[in-house]
Amino acid sequence: MDIKKLIYKNPALSGDYPAFKIEDAPDNPLVTFYEWFGHAVDAGVSEPSAFVLSTADAEGVPSARIVNLRDMDSEGFIIGSNSESRKGRDLENNKNGAMTFYWREVGRQIRIAGRVDIANEDENREDFIRRNDTSKALSIIAKQSEVLGSMDELDRDMQRAMERVENDKEAYETWTLYKVRPEKVEFFQARTDLAHIRLEYERSKDGWRKHLLWP
Ligand SMILES: Cc1cc2nc3c(=O)[nH]c(=O)nc-3n(C[C@H](O)[C@H](O)[C@H](O)COP(=O)(O)O)c2cc1C
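Structure representation (structure tokens):
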């Protein structure tokens, strides 16, 4: 197994990247995020809403997985998942979370760290109602991240859950929205000369402070 050969055939950070004018960066990182997201969509970045969500349990043991950004507002970033999943249990006991976006086509990484709040029942129900039937069925089975005996078991439970979804459009139970309220946000723009630009925002008493970081 010579994976090195394959790695060197596909070098990282060697694209034709956009400029990042730090002097024009907005004072609020949520505004910068919104601008970068729009740019990613225009540049044809594949699945820009997919990112790594990192959590840790009560003992600090970390775990990470890809989820999709569902929305954002002036306070933070909204994610949807099952409260019974590993991330759901982690966030019940430890509110610290981190989000990492990597948009390969434009050499951009965004790192967000903050406190994760759980939405109230009305918000969870409303969001659940807007989901498609298959997503609803998966979430009412409420076994995300449990050991699955066989694919037949999944098919059987899915069939039952689909019947239930048809009769009960509001069976949201474990479907939960989480809001990440950022304390730190870093925008990383790769450069082919490796003088990458890293602009970090840190929340302070009177708003946000910005500084550069060594690449
Ligand atoms: C592109 C992509 C998007 C995903 N989006 C979500 C999502 O929005 N919510 C979710 O709960 N899981 C999502 N998943 C599945 C998670 O990666 C993960 O398998 C699942 O949430 C269980 O994670 P946990 O055991 O750490 O809780 C997505 C997976 C991929 C590959």
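Per the working numbering, residue 185 is the first one in the sequence shown, and the count goes up by one each step. Idealized CB from N, CA, C, for every residue including glycine.
What does the alpha-carbon distance come out to for the pair residue i and residue j?
| i | j | result |
| --- | --- | --- |
| L378 | P246 | 29 Å |
| S323 | D200 | 41 Å |
| Q328 | E207 | 44 Å |
| Y286 | W220 | 12 Å |
| H223 | S334 | 42 Å |
| T239 | T284 | 12 Å |
| I191 | S230 | 21 Å |
| R295 | S198 | 21 Å |
| E427 | I313 | Since the displayed the chain opens at 185 and closes at 399, residue 427 lies outside it and no answer follows. |
| V349 | R340 | 14 Å |
What residue does the beta strand (DSSP E) around residue i start on, and which one ends it?
| i | result |
| --- | --- |
| G208 | For the record, residue 208 in the displayed sequence is Asp; it is not Gly. Note, D208: premise wrong, no beta strand (DSSP E); not H, not E. |
| Q293 | 292-302 |
| E370 | 359-373 |
| S238 | 234-240 |
| A417 | Here the chain comprises residues numbered 185 to 399, so residue 417 is not present and cannot be evaluated. |
| G281 | 280-287 |
Quick one: is the Cβ of residue i within less than 7 Å of any heavy atom of ligand 3?
| i | result |
| --- | --- |
| P213 | Ligand 3 is not part of this structure, which contains only ligand 1. |
What residue range does the alpha helix (DSSP H) around residue i cover?
| i | result |
| --- | --- |
| I258 | At residue 258 the sequence reads Ser, which differs from the Ile that was named. Premise fails: S258 is in no alpha helix (DSSP H) and is neither H nor E. |
| K188 | 187-193 |
| V404 | For the chain, the structure presents residues 185 to 399; residue 404 sits outside this window and is missing. |
| K394 | No alpha helix (DSSP H) contains K394, which is instead part of the beta strand (DSSP E) from 391-396. |
Relative to ligand 1, what is the chain-ordered list of residues with a Cβ closer than 5 Å to any of its non-hydrogen atoms? A234, R249, I250, V251, N252, S265, S269, R270, K271, S329
Does the count of Cβ pairs from the region 364-376 and the region 212-220 closer than 8 Å reach three? yes
Stretch pair the region 252-270 + the region 355-363: three plus CB contacts closer than 8 Å: yes
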